[in-house]
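Data first, discussion second: the structure below is written as C-alpha cells.
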Amino acid sequence: MIKAILIFNNHGKPRLIRFYQYFAEDMQQQIIRETFHLVSKRDDNVCNFLEGGSLIGGSDYKLIYRHYATLYFVFCVDSSESELGILDLIQVFVETLDKCFENVCELDLIFHMDKVHYILQEVVMGGMVLETNMNEIVAQVEVQNRMEKSESLVGSVAKNGHVTFPT
Amino acid sequence: MPAPIRLRELIRTIRTARTQAEEREMIQKECAAIRSSFREEDNTYRCRNVAKLLYMHMLGYPAHFGQLECLKLIASQKFTDKRIGYLGAMLLLDERQDVHLLMTNCIKNDLNHSTQYVQGLALCTLGCMGSSEMCRDLAGEVEKLLKTSNSYLRKKAALCAVHVIRKVPELMEMFLPATKNLLSEKNHGVLHTSVVLLTEMCERSPDMLAHFRKLVPQLVRILKNLIMSGYSPEHDVSGISDPFLQVRILRLLRILGKSDDDSSEAMNDILAQVATNTETSKNVGNAILYETVLTIMDIKSESGLRVLAINILGRFLLNNDKNIRYVALTSLLKTVQTDHNAVQRHRSTIVDCLKDLDVSIKRRAMELSFALVNGNNIRGMMKELLYFLDSCDPEFKADCASGVFLAAEKYGTDSLTSLHVTAVLSCVLAGSYVRDDSVPNLIQLITNSVEMHAYTVQRLYKALLDDISQQPLVQVASWCIGEYGDLLVSGQCEEEEPIQDEVLDVLEGLLVSNLSTPVTRGYALTAIMKLSTRFSSVNRIKKVVSIYGSSIDVELQQRAVEYNALFKKYDHMRPALLERMPIMEKTATNGPTEIVQTNGETEPSAVEPKHPPPVTQPANQVRTPYSGSYSEQDSSAVTTQFSHDIITFPPSVFQTFQLQLLSPSSNVVPALNQGTVTQVIRVLNPQKQQLRMRIKLTYTHKGSPVQDLAEVNNFPPQSWQ
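And the structure:
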C-alpha cells in the first residue's frame, strides 16, 4: 500500500501532497520537511530507496523517490509493493503528466495543482495502484476536463442579472 | 462584493511574497475573503474558493472552515462542483470528523448516477476515506458495481471493495460471488485491480486462500499470454507487455503457492519461462525478474528452479544499477537461511558491496556478510569485516562491532586466536560502540590467546592514553595492564615502552577521574594491586591502596581494606594470589547464538548472551557452590543470611530448559561450617541437552550485600540424558 505521495522542489516547497492515511495537519507538514531533509541529502548516484523517516512509520516503510530536474517525486510505500515496480510507476505518472500538460515543467504543477490531483486520482486510488496504462489515464482525464469545460461555458445567472462563468 | 479571484491569481500573488510573513499576510487576507464569500452562500464561486483553500492547505495553513463547503459542492448537480468537492473531502476530511457522515447519502446517490465519471468520483472518495459506517451502508452498491460490464467502473469498484474489506472484514463474504468472473476480463485495468482484490482476500482469510487456489491455472494462463503475446502497443512499457500486471500476478501466485505442493507444481513451468525469457536491459524487466525470484523462493519449487533464482540474484549483484543491487541484497538476506550454500557462491560479490559508496547498499551487504560467515571462510571474511569496521561510518560501527565480535567468538578456533584477538581489539577500540556486557567475554578471549598478551596490552595502553571515557575499553584495558603489566614495561613491545610510574599514573588517573564508573574504579584498583607483584614500586602501590581504605564507595573500600590486609598480614601469600590468571574455559555460547546467526534477517547483535561479569576479585575467596563452604580469613563468627531469591542465571539455558525454583530450606547459613542451606531447582530438559549451570548468589554478609558467581559443569550424564 502506498502511504503517501509527495512532490516537492529542490528547496522543499511542496507541489503536491497526498496522504492515504490520516495524519494531522501539522504532522503532515513535519513529514514533508523530514522527507525533504532525508531525500535532499542523497547523492545522485546512489540507489533510489530509503528507509522511511521516524515520523512516517520508520523502518516498516520505504521511501522510493525519483529526482527530475527541479522536482522530487517521493512515494512512501510498505512491503506489499514491489520497489522496482514503484519506480516504474513514478515514471508512468511523470510521463502521463507530460502528455497531459505537453512538456510538463514545475510551473505547470504549481499553477494547476488541482488538475495534477485529478490525474493522480486516475493512477492511484486509496493507496493502491489503479491504472498503469498511460493512454487510458490520459483519455479518461481528457473526457472529464471536457465535461468541466462544457459546464463552464454554460454560465450561471447571478442575482443582479449578470451572467458569470465560475472557473 | 467583487468576484473572488481565481486560483491562479492567488498562486501568482503568493509567489511574489518575499518572506514567510508576507505570505502569511496574503493568505490571511484571502482566507477572510473566502470566509465572507462562504457566508453569502454563493453557489457560483464556491468551487473556486474551495480550490484556493486546498492550495493553502497544501502550504500548511488551516483550512477546516471549508469542510462543510466541500459537502455542499458534492451535493451540487454540476460535475465541476462535484469534482473539486470530492477532492476537498478527501484532503480535508477524515472519519474523525462527524461531518463526514453527511456525505454518505450524497455518495449513495452518486454511485447510482447516470454519468460514469460521477460514479467514479464517488467510488474514489469512498475508497480513500470511507469510514466503517459508510462502508457498511454502501457495500451493497459497491458490490453491484463490481459486477458491471463498464470496465472504468469495475476497476474502481474492485479497489473500493479492498478498502471496504480493510475497514469491515466481516463483509468479505459479500464480495465473493462477484469475484467469480473477474479474471476473465480482457481489460488490463480491471485485471490488475481484480488481482489486488483477490490478493487482499487471500491475505486476510485462510479459507479464501484455499478457495482461490483453483484460480492458479487461470492466472498461469494470463501470465503466459502476456509473455508470449508479442508486441501490443496499448500495454507496452519499454518492450514488455504490461509489466505491472505481470508483477501483480506473480505476487498473487506467490501467496497461493506457499506451502501448497499442487499449486507450486502448476507454477513451476511458467516461473522458469518468465525467469529465462524476460528482457533485462530495462528496469521493467528487472522488476518482473525480481518478483519471479521472490516467488520461486517462497513456494515449494523444485531445487533446479531455486538455483536458477539465486543465480539471477547473483547476476543482479553485478548489475551497474544501484537499485538492482539493493533489491538483490535484500532478497539474498531473506533467502540466506534456507539456501545457505547457494548464496555462499556469491560471497565475494557481496563482500565487494561493502566498499560501495551507497549507505543503503553497505548496510545490507554488512548484514548479509555476517550471515554468511562460517568456519571455512572466517579468515578471509574477518579481514574484510575488520577493514570495514575501521573505515565505516559511525552509524554502522555499533552493529558491525557486535557482529564481528559474535562471529569471532563463534568461529574463532585456537589456530585463529591471533585473528580472533585482533578482531576483538578492533571492536573494543571502536569505543562506546561495544556493549557493556561483552567486557567479560573480551577478557576471557585475551587471557586465552597467550602469544597475543604483549601486543594486546600495548595497544590497549595506548588507547587508554588517548581516551578514558569509554568504559568498556577502560575496563578491559585496566584488567590487561594489571595482568600483563610486566610485559608492557619489559620492552617486548615494538614501540617505546612506558616506565612503571607512567603506568601507575594512568591507573591512578582512572581512580580519580569523574568519567570512571564505580565498576571501572574497581577494575583499576585491582589492577594496581596486581602490579605489586609485577612492578618494583611496591611502596607507591601500598600508599594508593591504603588511601582507598577510607573511600566512600563501599566496594572500593572493601577491596582496599582487603588488599591492605594482604600487604600487612598475608604478604607471604601475595605473589601466589596475584599471579597470572589461568586459561578460562570457554563458556557455552552455542544454542541461541547459533540460531540467531543463521537468521539473515535479524542483526547478529540482536541476541547477546548475557553473561554476568566474571570474578575479578582476587582469588582469596574461593567458593564452591554445592558445598557452600566459605573459606574465611577472619575466624570470628560469621552470620550469613541468604536473601530469599537465589538467582540462577544461565542465559544459555533459557531456550532449551525450563527451571522451577523452590524455596531454600532456610535463609541463614550458620558460621564456621556448622550447617548448610539447600535449595532445590527442578530442570525440565526435553531436548536432553547437556546441563550446565551458572549460578549467582546474592546474600548479606556482616550486614553488607555480597554477590557471588559460580559455574557448575559436572552434572553426571545420567541426570540429563
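Chains as they are written, first to last, in the working numbering: chain X, 861 to 1027; chain G, 112 to 832.
All residues carry an ideal CB built from backbone N, CA and C; glycine is no exception.
| Check | Outcome |
| --- | --- |
| Sorted by chain position, which residues of the same chain lie with C-beta nearer than 6 angstroms to Q771 (chain G)'s C-beta, five sequence neighbours on each side aside? | R793 |
| Could you check whether the Cβ of Q818 (chain G) sits closer than 7 angstroms to any Cβ belonging to chain X? | no |
| Spatial neighbours of N824 (chain G) within its chain, please: CB distance less than 6 angstroms, with the 5 preceding and 5 following residues excluded, ordered by chain position. | R803 |
| Among G:R362, G:R436 and G:Q448, whose alpha-carbon lies nearest the alpha-carbon of I410 (chain G)? | G:R362 |
| Tell me the residue span of the alpha helix (DSSP H) that contains L621 (chain G). | Q611 to V623 |
| Looking at chain X, which residues of the segment 386-411 of chain G have a Cβ within less than 7 angstroms of any of its Cβ atoms? | N394, V395, N397, A398, Y401 and E402 |
| Report buried or exposed for I592 (chain G), applying the criterion of at least 16 other Cβ atoms within 10 angstroms of its Cβ. | buried |
| Give me the residue from G:M240, G:S643 and G:T787 with the minimum Cα distance to V614 (chain G). | G:S643 |
| With distance defined between alpha-carbon atoms, name the residue in X:M1007, X:E1008, X:G986 and X:Q1000 nearest to K278 (chain G). | X:G986 |
| What residue range is occupied by the uninterrupted alpha helix (DSSP H) comprising C313 (chain G)? | H299 to R315 |
| Quick one, which residues of the segment 989-1010 of chain X are near chain G if we go by CB-CB under 8 angstroms, in chain order? | V989, L990, E991, T992, N993, N995, E996, Q1000, V1003, Q1004, M1007 and E1008 |
| Mapping DSSP to helix, strand and coil, what is M214 (chain G)? | helix |
| Give the interface partners of K267 (chain G) over in chain X, defined as CB-CB distance under 8 angstroms, in chain order. | M985 and L990 |
| From V306 (chain G) to G241 (chain G), what does the alpha carbon distance come to, in whole angstroms? | 22 angstroms |
| Should M887 (chain X) be flagged as near chain G, meaning a C-beta pair shorter than 7 angstroms? | no |
| Short check: CB of L184 (chain G) to CB of C158 (chain G), under 7 angstroms? | yes |
| How would you list, in chain order, the residues of chain X whose beta-carbon sits under 8 angstroms from the beta-carbon of N434 (chain G)? | C907, N908, F909, E943, L944 and L947 |
| Got a sec? Which residues, its chain only, sit under 8 angstroms from L212 (chain G) by beta carbon, not counting five neighbours each side? | S242, E244 and M245 |
| Would you be able to state if there are at least three C-beta pairs under 8 angstroms between the segment 866-877 of chain X and the segment 966-976 of chain X? | yes |
| Does the Cβ-Cβ distance between V358 (chain G) and S939 (chain X) come in under 7 angstroms? | no |
| Pick helix, strand or coil for M1007 (chain X), following the three-state DSSP scheme. | helix |
| Give the secondary structure of A635 (chain G) by DSSP, where H, G and I count as helix, E and B as strand, and everything else as coil. | helix |
| What's the C-alpha gap between T567 (chain G) and V587 (chain G)? | 10 angstroms |
| Should the segment 901-911 of chain X be regarded as contacting the segment 428-440 of chain G, the criterion being three or more beta carbon pairs within less than 8 angstroms? | yes |
| Give a yes or no on contact between the segment 372-392 of chain G and the segment 404-420 of chain G, applying the rule of three or more CB pairs nearer than 8 angstroms. | yes |
| With a cut-off of 7 angstroms, does the C-beta of R685 (chain G) fall near any C-beta of chain X? | no |
| Closest to D612 (chain G) by C-alpha separation, out of G:N650, G:W590 and G:S580, would be which residue? | G:N650 |
| Since I122 (chain G) meets chain X, which of its residues come closer than 7 angstroms, beta carbon to beta carbon? | I970 and F971 |
| Below 8 angstroms CB to CB, which residues in the same chain sit around I892 (chain X) once its five sequence neighbours on both sides are set aside? | L866, F868, G872, P874 and I877 |
| Assign Y932 (chain X) to buried or exposed, taking buried as 16 or more other Cβ atoms, counted over all protein chains shown, within 10 Å of its Cβ. | buried |
| With the cut-off set at 7 angstroms, would you say I997 (chain X) and T956 (chain X) are in Cβ contact? | yes |
| Can you list, in chain order, the stretches of the beta strand (DSSP E) that have 3 or more residues and sit fully within the segment 394-472 of chain G? | none |
| Look at the alpha carbon of T130 (chain G) and the alpha carbon of T226 (chain G), and state the distance between them as a whole number of angstroms. | 46 angstroms |
| For a cutoff of 7 angstroms on Cβ pairs, would you count L890 (chain X) as touching chain G? | The residue asked about is misnamed: residue 890 (chain X) is Gln in this sequence, not Leu. Closer than 7 angstroms: no. |
| Straight-line CA distance for V791 (chain G) to L428 (chain G)? | 57 angstroms |
| Using a Cβ-Cβ cut-off of 7 angstroms, state whether M169 (chain G) counts as contacting chain C. | No chain C appears in this structure, whose protein chains are X and G. |
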